[in-house]
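K.L.:
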Amino acid sequence: MRYTMIFLTMLFALTGCVETELTAEAEAPMQIFFEDGDDTLENAAIPFHRVSPSGTILSANAAELASLGYSRENYVGLDVRKIHVSQPTIEAMLSTLLGGGKLEGYPARVRRADGTTVGLLISSSVFEGDPVTPAHTRCFSLPVPDGFYTPYAAQ
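Just remember that our numbering sits 1044 ahead of the position in the sequence shown, which is counted from 1.
(1) Can you tell me whether E1086 is helix, strand or coil according to DSSP?
(2) What residues in its chain sit with their C-beta under 7 Å from that of A1198, if we drop five residues either side in the sequence?
(3) Taking the beta carbon of S1098 as the centre, do at least 16 other beta carbons fall within 10 Å, making it buried, or is it exposed?
(4) Which residue marks the beginning of the alpha helix (DSSP H) containing R1156, and which one marks its end?
(5) Note down, one range per segment and in chain order, each beta strand (DSSP E) of at least 3 residues found wholly within the region 1087-1144.
(6) Less than 9 Å between the C-beta atoms of H1001 and L1102, yes or no?
(7) Do the CB positions of L1164 and I1090 come within less than 9 Å of each other?
(8) Using C-beta distances below 7 Å, list every residue in its chain close to R1155, excluding the 5 sequence neighbours before and after it, in chain order.
Shown next, in the form of structure tokens:
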């Protein structure tokens, strides 16, 4: 249970969904997480991707690719609007993020590589960029079983 709480604190801190002061117990794993960088995100069990301000998918981890059935070559570089089923939903998401807002468990449906759709709860925030890394969104997308989140089943 203790490690679950540390992981969730790290997850929410990364997406910027909560502002919290970390305990000494949580600081050590966070330091390791940031030192490990993209390798940690690449191997995370939770689907993760980054999107440019124009909507281009910049990167995706193995869990994201596996959950949607895409190869890295066919997914990275796509316009994120092409995989979303509801254009009003993705436009609202992008508008919120470009306006400096955050998404916390935002429901959406996307197309898998085989054409089937899956519901997701997306948590995302914007990384403003620095001299080395350009601005982009950081998105964690949790698959939702069909029928679980029925208000968005038709989207």
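Yeah, the Cβ is synthetic: ideal placement off N, Cα and C, and Gly gets one too.
Computed from a predicted structure; not experimentally measured.
P.N.:
Taking the definition as stated:
(1) Residue 1086 sits at position 42 when you count from the first residue of the sequence shown. Helix.
(2) Taking the sequence shown and counting its residues from 1, one reaches residue 1198 at position 154. Caution applies to A1198, whose pLDDT of 44 falls short of 50 and renders its modelled position unreliable; the model cannot decide the point.
(3) By one-based count along the sequence shown, residue 1098 stands at place 54. Sixteen is the threshold: since fewer than 16 other Cβ atoms of the shown chains lie within 10 Å of the Cβ of S1098, the residue is exposed.
(4) Locating residue 1156 in the sequence shown gives position 112, counting from the first residue. Premise fails: R1156 is in no alpha helix (DSSP H) and is neither H nor E.
(5) 1092-1095 and 1101-1104
(6) Not covered by the structure: residue 1001. The range shown for the chain is 1045 to 1199.
(7) The residue you call residue 1164 lines up with position 120 of the sequence shown. The residue you call residue 1090 lines up with position 46 of the sequence shown. No, they are not a contact pair.
(8) Here residue 1155 is taken as the residue at index 111 of the sequence shown, counted from 1. The residues are I1127, V1129 and T1161.
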